[in-house]
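These notes are about the structure you will find just below.
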Amino acid sequence: SSLCFASAHVETVPFPEALDMVLASRKGKRVAYLQQQNDCFRSEYGPLAADCEDHVPWATEALGCSPEAVNLWVGTDASETSFHKDHYENLYVVIAGEKRFLLLPPTEVHRMYITDYPAARYLYHKGSGQFSIEVDGSVTVPWSSVDPYPEPDEKQRAMERFPLYYNGPTPLQVTVKAGQMLYLPSMWFHHVRQVQDGSGGLTVAVNYWYDMQFDSRYAYFNFLQSIPRHEIENKEANLESSRCNGSD
1 SSLCFASAHV ETVPFPEALD MVLASRKGKR VAYLQQQNDC FRSEYGPLAA DCEDHVPWAT
61 EALGCSPEAV NLWVGTDASE TSFHKDHYEN LYVVIAGEKR FLLLPPTEVH RMYITDYPAA
121 RYLYHKGSGQ FSIEVDGSVT VPWSSVDPYP EPDEKQRAME RFPLYYNGPT PLQVTVKAGQ
181 MLYLPSMWFH HVRQVQDGSG GLTVAVNYWY DMQFDSRYAY FNFLQSIPRH EIENKEANLE
241 SSRCNGSD
């Protein structure tokens, strides 16, 4: 009954079959997502290479390096990505559908309520066609506990559990439509939803990951992350009490 961080079951199937699986996805049930965060566009989709640049020229010049990975993402509105951060400068291009991002800068790390969850993975059983979860109790994964879109009957409980998130400034909300590009700076926390348009029910995107510089910003982030969250919560509670009492 406890929570864990479960990695998806990964399987290589013919492209037409993969699209059928993605289109058959349903929220709350089996959800297929066509992606691998391993430079999959360049390593697995050679026939599409001529349809897409292998880098973003202005970003390559500005960042002083070529992209470490170029990835293809194909899903439906059944797919949703929880709050997380990446150690990459991310250029995200939507080809079909829409992507809706919630964005918070690295300085808001305490509002993410990062927790160490037991690592797990989904196992697919071909005989029954069902999935099970295998937990590895020796490994943990630090991940955000915040769901920015709780069910209505869970909203009050979520606000009580995560006051720094719900009582703080609203995250930036960005909708990226087909033909548009989002620059997502490294270490920014982002939550992603997909919205279908008239393109066959699919949301398609390509992103370019450029390695980040582990400079003073990274050191400052680690310093902030080292501050115990309860100290931040206590300070916020004292500030709120001062406002209510009318003190300076």
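Counting in the UniProt record's numbering, the sequence shown runs from 1 upward without gaps. Heads up, the beta-carbon is just placed ideally off N, CA and C, and yes, glycines get one too.
Item checked: Presumed contact (8 Å Cβ cut-off) between residue 249 and Q225, rounded CB distance -> Residue 249 is absent from the model: the chain starts at 1 and stops at 248.
Check: Which residues in the same chain have their Cβ closer than 6 Å to the Cβ of W143, if we skip the five residues on either side of it in sequence?
Finding: F5, Y117
Margin query: Could you check whether G75 and L184 sit closer than 9 Å to each other, using their CB atoms as the reference points?
Written below: no
Note to self: For E68 and D39, I'd like the C-alpha separation in whole angstroms.
What the structure shows: 8 Å
Notebook entry, point to check: Going along the chain, which residues of its own chain have a beta-carbon closer than 7 Å to the beta-carbon of M181, five neighbours each way excluded?
Noted result: L91, Y92, V93
Margin query: Using C-beta distances below 7 Å, list every residue in its chain close to S138, excluding the 5 sequence neighbours before and after it, in chain order.
Written below: none
Notebook entry, point to check: Which class does N38 belong to by DSSP, given the choice of helix, strand or coil?
Noted result: coil
Note to self: Check for me: the beta strand (DSSP E) holding L48 runs from which residue to which?
What the structure shows: Careful: L48 lies outside any beta strand (DSSP E) and carries neither H nor E.
Next item on the list: Identify every run of the beta strand (DSSP E) within the region 169-227, keeping only runs that are complete inside it and at least 3 residues long; order them along the chain.
Entry: 172-177, 181-184, 189-195, 203-211
Checklist line | 3-residue-minimum beta strand (DSSP E) runs that sit fully inside the region 123-163, ordered along the chain | finding: 130-144
Margin query: Please return the same chain residues whose Cβ sits closer than 7 Å to the Cβ of D54, not counting the five positions on each side in sequence.
Written below: R42, V70
Check: Nearest to N207 by alpha carbon, out of E160, G64, C52?
Finding: C52
Check: To which residues does DSSP link I114 through a beta bridge?
Finding: S144
Checklist line | Cut-off 6 Å between Cβ atoms - residues of its own chain near P150, not counting five sequence neighbours on either side | finding: A158
Next item on the list: Can you check DSSP and say which residues form a bridge with P98?
Entry: As written in the sequence, residue 98 is Glu, which differs from the Pro given in the question. For E98, which the question treats as bridged, DSSP gives the partners K177, V195.
Notebook entry, point to check: Tell me the DSSP bridge mates of H84?
Noted result: H190
Note to self: With three or more C-beta pairs closer than 8 Å as the rule, is the region 161-169 touching the region 226-237?
What the structure shows: yes
Check: Nearest CA to the CA of L172: which residue from Q156, F189, Q196, D77?
Finding: F189
Notebook entry, point to check: Where DSSP assigns a beta bridge to L72, which residues make up the other side?
Noted result: V206
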